[in-house]
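Protein chains in written order, with the working numbering: chain A, 713 to 1739; chain B, 845 to 980.
C-beta: ideal position from N, C-alpha, C; glycine also.
Taking it in order: structure first as structure tokens, then the write-up.
Dropping the structure here:
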């Protein structure tokens, strides 16, 4: 009985039967029709669920025959794994859409009927194996959609609906003609038969027929530029209907294309190109959208383009084993995320992107919104991420690098406009937050939950799912559950969790990674403990912090590039969301994210090329990479350099560091920035193994030192304490990059030494800054002053840190700088060494200014009564100071493990000649090197001072402030904001191109029909040409 | 099963053309006239008529593809035994498809007309230029 009820054909029984009963029962008693509607829809859902269950549990493909005869004399329907997943996920979304639309559906029996027919039609399109039957189901879906579009009532919705009808009717006309001609050519309508006899589809009639069917399917997927009709509907339809069009209807059409793909073997590249153009241009035009639903429409169309591209490319490459992960993953990801976003847009009910600031102070809505956005952007841990990875790896393995560029550039554009939308939501404006009832939020919330589940499934499919890689997410989710606790308690909980889980995660790590793990985990915990100084609840801060710190730990444990990339993206995302929480950070969080994603995409492309060259995604294989791995090295290095804030691509850094919460800035600068350094460490093997790499390392050395110099010069110009520290951070990372670029044992020991030193120093400085800002309420250097008497401990900490950072003896920084200079001289990079000396000098200037302006000088009257910074901030600073002293006075404790960890990394062929560290210390006498450096710096300082006295014609007693003010104009003439102007130019150019592209959507239905016709002709012409 | 477009062993009438070819040409002409109607006229009702013409043209083409020159009705009875059904009878499947397609075309036209009514109510005009509020 139950089995009979769950027969696949009952989907149509429920659909058609329900549709006939609904008007009838409505006449008898109005509520009855709604009951029947719910029962029928639930029935369709249950049957498809049961079919999927049966197929999943090993039952062979479920075939249903009709009319008492076997195909091809009758229509047959099939439910295999593909059909099962597709139909079931569409039906899930249908249930959610019915819930979302319930207010409208309940009162309107015709809408119930059309809704039911639409869902049944999509199921039919998925299951049928008969071409004409496919046409009939396509028409059922279309007519039901037309009907639903007509229920929205606004003139704009009618107009958009009419354009939609014109275009789709024209397309389906071609499908009908194509079907008739295919029958003429093959003598069958059965799809399987047709595929078997596809050789008979030849000659002008067969080819025309095939291309007509193909162009109809592509048109129904709304290809650029023949898709204005779809956009208008997405914009003007109600959110629930738009979700159905974007999810269910497109799913049916896409599945039809998937099903017929064996017939289109000759046109795979044509299909892929069509998808690629759509993906790229829709995302480009999406940049200019201000209407939420229209923007989502552009995104929907783009995602369908990506799916088409992926489907055709994977089939073209013969990588059918990747099909479930790539196509299935992208499909489910888009279906759930886009439907969820449409539901959310309907629930929030703010049509303009700018008005989404109404979300402020609604943590649950923000959480759902963020999950859906991250998913649609193809970021981890959602299915889209795993699919894109697999797609890029497969495409790279075949050597089609152009496609990788299309996929990644399109994705970057999509992330840009999607997260610009999120930026509006994180803007705090003085206006009442919206109220959304939990019931309205449920469909979007469930979409988010299903995305999480399917993300795990996709991770399993890609073979990367393991407990430790998901542990950060689990910890974050766990802390989310306790987000109602008081702030300090949550901080405590977070620290304990990170300590325990972090130690467990990095337990088996060896070598350089272990050193980084010890350093970053302990440093991270110390700095994170500073959050005790704030008692406010900081909703979401602690879960994200746990996610960030544990993801860093996980990154250090990764053994494959997929795991690395996953953890890398998790670090990016958690830091983005942390930064975005700060009150004034929203203008800076978006550039931070975009540059981080651009960096990540460089990594993705680099890893994919490395995997293609190495034949494996194992990171260990980098050590044995051949000479042809150098493009991969370039991409990876560029990716890591962007993230390290190298000169030219640094513009995301100062704003993000300055506007983040004060203790978060310390974390970002001290700990998170080191992740990029770790990345550089782990991929430079590539450069070492390939001959060309060593020249590139020289380039990298220059990039590093230019960054140092530029960062120092920019720091000198700042009037804002945190911005100065941000530029200083950039400057110091430049030294480290140069040290790594040395590619010698000494260089690497130095790099690691500098990493440790910078972590401690910047941690102290940013935390001290947090204390000052807390007490005086201002970040501006000139507004502070003379705080040494009020905050002696903070001053002592700052002074220690500055001495250590500047490289003055006797603290750790001295050793670091000496090692660096020695290593450069050893390598013969004299130009770089000179640059380093100059940078050191500029560094002295700004560091002195920081200490002087804040702590020395004249104390402002209003600061007389202020107290020392709270203990919660001082304790971590002093822990770090102890570490600096340890590093200074017991360098061997530190150097030996470092040296031991680095040794195996260098083969005997390398520059390093096997000397032990002691020998180096003995061989290189630090005194002359440092004496010369300090002497040059002193001479430079003297020259600058003289110039100042001469130029100012006054006694040198005027004060430090005036001294800096004297050099300010000259310096700012020298340091024009070239990088900012460049990137702004790129952004403006992109936006203006986007503006021109979208001009083709005139809004005229006839023009849209003409585009459709042209598109069909274009496919026909190219199809016949490439044949 | 497939038929024979232009395999004119039996000439139809004095003109020397099989009826299937006449039908094909007529059908494609109708399609072209319909397409022209869609793109030449700005009035929504005329555009809808254009779509109907395309539909009709396709139906004629479909019927023509199933025609077997000199064939009889595909009913197996005393006049047509099973053995000769495949060669002497007109292919019934295109006709069956056409019946379905006519029904679909009818409902699509009905929906288009009902949209036209609503559009006219909203703007008091049937000029398609008046309905371009969503764009870009």
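For the 9 Å CB-CB criterion, residue 901 (chain B) and residue 875 (chain B) form a contact.
For residue 908 (chain A) and residue 1150 (chain A), the gap between their C-alpha atoms comes out near 52 Å. A:1596 is the residue among A:989, A:1596 and A:1176 whose C-alpha sits nearest the C-alpha of residue 1512 (chain A). Apart from sequence neighbours up to five positions away, the residues of its chain that approach residue 1330 (chain A) with a beta-carbon distance below 6 Å are 1272, ordered along the chain. Close to chain B, meaning a Cβ-Cβ distance shorter than 9 Å, are the following residues of the stretch 843-864 of chain A: 844, 847, 848, 851, 852, 854, 855, 858, 859, 861 and 862. In the DSSP annotation of this structure, residue 1495 (chain A) is not part of any beta strand (DSSP E), being labelled neither H nor E. Membership of residue 1724 (chain A) in the alpha helix (DSSP H) is indicated by the continuous run 1717-1738.
Sequence-distant partners of residue 1474 (chain A) (beyond 5 residues in either direction) whose C-beta falls short of 6 Å from its own C-beta, in its chain, are 1381, 1382 and 1441.
Contact with chain B is found for residue 888 (chain A), since one of that chain's Cβ atoms lies less than 9 Å from the residue's Cβ. Listed along chain B, the residues sitting closer than 7 Å to residue 944 (chain A) by beta-carbon distance are 978. The alpha-carbon separation between residue 790 (chain A) and residue 1378 (chain A) amounts to approximately 59 Å. Between the alpha carbons of residue 783 (chain A) and residue 848 (chain A) lies a distance of about 18 Å. Note on geometry: alpha-carbon atoms of residue 972 (chain B) and residue 830 (chain A) lie some 28 Å from one another.
For residue 1369 (chain A), the closest C-alpha among the options A:1323, A:1433 and A:1311 is that of A:1433. Shown here, residue 1583 (chain A) sits in a helix according to DSSP, grouped into three states. Checking the DSSP bridge columns, you'll see residue 1330 (chain A) partnered with A:1272. Between residue 1108 (chain A) and residue 1324 (chain A), the C-beta spacing is below 9 Å. Put simply, the stretch 1515-1532 of chain A touches the stretch 1466-1483 of chain A. At least three CB pairs are less than 8 Å apart. Cβ proximity to chain A below 8 Å picks out 938, 941, 944, 945, 948, 951, 952, 955, 956, 958, 959, 960, 962, 963 and 966 from the stretch 938-966 of chain B. In this structure, the straight-line span from the alpha carbon of residue 1183 (chain A) to that of residue 1003 (chain A) is close to 38 Å. Within the DSSP bridge table, the entry for residue 995 (chain A) names no partner.
C-alpha of residue 937 (chain A) to C-alpha of residue 1278 (chain A): approximately 34 Å in a straight line. The beta carbon of residue 1296 (chain A) is closer than 7 Å to those of 1371 in its chain, skipping five residues each way along the sequence.
Using a Cβ-Cβ cut-off of 9 Å, residue 895 (chain A) counts as an interface residue toward chain B, since at least one Cβ of chain B sits closer than that to its own.
No Cβ of chain A is located within less than 9 Å of the beta carbon of residue 919 (chain B). With respect to the 9 Å criterion, residue 1268 (chain A) and residue 1225 (chain A) are classified as neighbours on the basis of their beta carbons.
Under the Cβ criterion of 9 Å, residue 909 (chain B) is counted among the residues facing chain A.
In this structure, the CA atom of residue 1264 (chain A) is about 29 Å from the CA atom of residue 1581 (chain A). Taking all protein chains in view, the Cβ of residue 1386 (chain A) is crowded by 16 or more other Cβ atoms within 10 Å, so the residue is classified as buried. Counting every other CB atom within 10 Å of its CB across the protein chains shown gives residue 1723 (chain A) a total of 16 or more, marking it as buried. In the DSSP assignment, residue 777 (chain A) falls within the unbroken beta strand (DSSP E) covering 774-777. Counted as a single uninterrupted DSSP element, the stretch harbouring residue 1197 (chain A) is not any alpha helix (DSSP H), since DSSP gives it neither H nor E. In the three-state DSSP reduction, residue 1432 (chain A) falls in the strand class (E or B). The residues 881, 882, 885 and 972, in chain order, have a CB closer than 8 Å to that of residue 891 (chain B) in the same chain once the five nearest residues on each side in sequence are set aside. Under the three-pair Cβ rule at 8 Å, the stretch 1310-1322 of chain A counts as touching the stretch 1335-1355 of chain A.
If you draw a 10 Å sphere on the C-beta of residue 1570 (chain A), you find fewer than 16 other C-beta atoms in it, and that means exposed.
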